[in-house]
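Since the structure comes first, as structure tokens, the remarks are kept for the end.
Numbering (the numbering used here), first residue to last: 264 to 798.
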């Protein structure tokens, strides 16, 4: 987690330097400057505007970044990410131990913590939260809880050892386990509130975090007040309002007027407009994301590797980044960004070569090219800054390589469901890392385990037994060096098979008025705002 004082925008040159995101902290690591830096000023109301209002305020059921920005300011996790990396440190758990075989993790919990409704935090609460997510017969299993399947992968049971000690027992070693325990979806909610509100808990959130819920006007804004008894020190502001303003330009106008102090997802053409305004600050840092085209590898013509490789040769990534990302992004050649350890820089990207694309198509039986569809999402995301323009540019590039693609789009929720259900031939999508572990990109997005029609996160429906073995071995490896070797091999195979065209690793970008102090947008692009103050 992350909030060092940062008044000046990070120079673009910084983006060329890969920020190594450490995988795992030592047991019981010391607290970070999340807590040690005193507020420069206490009080006031901070208004943060994002591209959409929350879908849910239940951390267990959130799958979108807009909801996560809300829940992450209300709920704590057992361990948390440090303020400027994805290394983890204590949070609701003060310390932890792991058995020599890596199967038993025991957490000593922080004493004296209470939920916002006064309910004591203890081991029973941790177990209650786990059971609610993974047990479909649990009376409080009232959501889809999509993240639980891989957040708690290999977790066999959670047991109360004593009131302030909880034990997780795994069925197999799982190297990303600790970083998963810092993910937003493992936020600990009040059992009392879940029992009280039932299926309506999603609009009545109660956690132990820095802000308490006040109101939610759906499709407009949510309001929170400072938890003045927060165990890690009260937030610097008294009140936080998170607004949903879909149009990037309208959000910027609101910030220029002063009705909004902070905003996400700036249009790249507006970067200079912000830089030239003495009242505003543009933040840019290396991104933990990948934008990509997924090809449905189970259906013709994209079940032929040569066709997929042809698509890769037809895309001019450098031109896309230059035209649509404001100079603060980099062309992608792997499914995960170079900001993550285990990145295979040895992979040689497919050169932009339309002749090579046409030759491969001819070899695959399409001497006159082919007709298909390119799906694109109608919602701007950090990895897809200007969706329609990017889709149109890709359409033109593909045509030069003999791939005539009709553009197709749907409303965001429908788009996601249809791509999860394998209805697309090619689709533009992207991913923002959840925990800084290679597993969160390679296994989640490209393993055959996650290619189940209807709920796939692997929307290329790429099913490689060789890649699967490497990724499972990496999950169960006992040290990071061994995992690095396995992930590098997996990336080489994925590159050869070309289920994706990795397009871009976009910068993480935000903007704020210069009255805002002590802000740094975390590498995970979650807007934690409890250590921000207004001068």
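Don't be surprised by glycine CBs; every beta carbon is placed ideally from N, CA and C.
Which residue or residues does DSSP assign as beta-bridge partners of residue i?
| i | result |
| --- | --- |
| residue 409 | According to DSSP, residue 409 bridges with nothing at all. |
| residue 343 | 352 |
| residue 548 | 771 |
| residue 802 | Nothing in the structure corresponds to residue 802, since the chain is present only between 264 and 798. |
| residue 634 | 667 |
| residue 370 | 359, 429 |
| residue 674 | For residue 674, which the question treats as bridged, DSSP gives no partner whatsoever. |
| residue 558 | 689 |
| residue 383 | 377 |
Note down the Cα distance separating residue i from residue j, rounded to an integer number of angstroms.
| i | j | result |
| --- | --- | --- |
| residue 712 | residue 705 | 11 Å |
| residue 747 | residue 757 | 15 Å |
| residue 536 | residue 441 | 42 Å |
| residue 486 | residue 650 | 30 Å |
| residue 677 | residue 722 | 14 Å |
| residue 447 | residue 482 | 22 Å |
| residue 305 | residue 497 | 9 Å |
| residue 762 | residue 735 | 19 Å |
| residue 550 | residue 330 | 20 Å |
| residue 234 | residue 309 | In the structure displayed, the chain extends from 264 to 798; residue 234 sits before or after that span and is not available. |
| residue 473 | residue 617 | 54 Å |
| residue 393 | residue 404 | 10 Å |
| residue 595 | residue 601 | 9 Å |
| residue 573 | residue 423 | 55 Å |
| residue 719 | residue 683 | 5 Å |
| residue 666 | residue 303 | 57 Å |
| residue 716 | residue 328 | 23 Å |
| residue 372 | residue 580 | 48 Å |
| residue 500 | residue 546 | 21 Å |
| residue 540 | residue 776 | 10 Å |
| residue 561 | residue 570 | 13 Å |
| residue 652 | residue 790 | 27 Å |
| residue 783 | residue 324 | 26 Å |
Residue i and residue j look like a contact to me (Cβ under 8 Å); what is the Cβ gap, rounded to whole Å?
| i | j | result |
| --- | --- | --- |
| residue 689 | residue 637 | 5 Å |
| residue 826 | residue 409 | Since the displayed the chain opens at 264 and closes at 798, residue 826 lies outside it and no answer follows. |
| residue 352 | residue 361 | Not a contact, Cβ separation roughly 16 Å. |
| residue 443 | residue 698 | 6 Å |
| residue 702 | residue 738 | 6 Å |
| residue 554 | residue 646 | 4 Å |
| residue 384 | residue 377 | 6 Å |
| residue 418 | residue 390 | The pair is not a contact, with the Cβ atoms about 12 Å apart (cut-off 8 Å). |
| residue 588 | residue 640 | Going by Cβ atoms, the distance from residue 588 to residue 640 rounds to 16 Å, so no, they are not a contact pair. |
| residue 336 | residue 792 | 6 Å |
| residue 644 | residue 693 | 6 Å |
| residue 339 | residue 456 | That belief does not hold up - the Cβ atoms of residue 339 and residue 456 are roughly 14 Å apart, past 8 Å. |
| residue 730 | residue 753 | 5 Å |
| residue 507 | residue 315 | 5 Å |
| residue 217 | residue 770 | Since the first residue of the chain shown is 264 and the last is 798, residue 217 is not available in this structure. |
With DSSP as the reference, label residue i as helix, strand or coil.
| i | result |
| --- | --- |
| residue 786 | coil |
| residue 795 | coil |
| residue 650 | helix |
| residue 330 | helix |
| residue 472 | coil |
| residue 362 | coil |
| residue 660 | helix |
| residue 466 | helix |
| residue 645 | coil |
| residue 309 | strand |
| residue 484 | strand |
| residue 457 | helix |
| residue 587 | helix |
| residue 395 | helix |
| residue 377 | strand |
| residue 450 | coil |
| residue 553 | strand |
| residue 479 | strand |
| residue 337 | coil |
| residue 565 | coil |
| residue 400 | coil |
| residue 315 | coil |
| residue 297 | helix |
| residue 629 | coil |
| residue 579 | coil |
Run the proximity test for residue i: is its beta-carbon closer than 7 Å to any non-hydrogen atom belonging to the ligand GTP?
| i | result |
| --- | --- |
| residue 639 | Within the structure as shown, the ligand GTP is missing, as the structure has no ligands at all. |
Contiguous beta strand (DSSP E) assignments of at least 3 residues, all confined to the stretch 592-625: Annotation note: the stretch 592-625 contains the following uninterrupted beta strand (DSSP E) runs of length 3 or greater, listed N- to C-terminal: 592-594.
Please specify which runs of the beta strand (DSSP E), each continuous and at least 3 residues long, are wholly inside the stretch 726-779, giving them in chain order. 763-769, 771-776
With a floor of 3 residues, list each beta strand (DSSP E) that falls wholly inside the stretch 486-548, ordered by position along the chain. 502-507, 525-527, 543-548
List, from N- to C-terminal side, the beta strand (DSSP E) runs of 3 residues or more that fit wholly inside the stretch 682-727. 689-695
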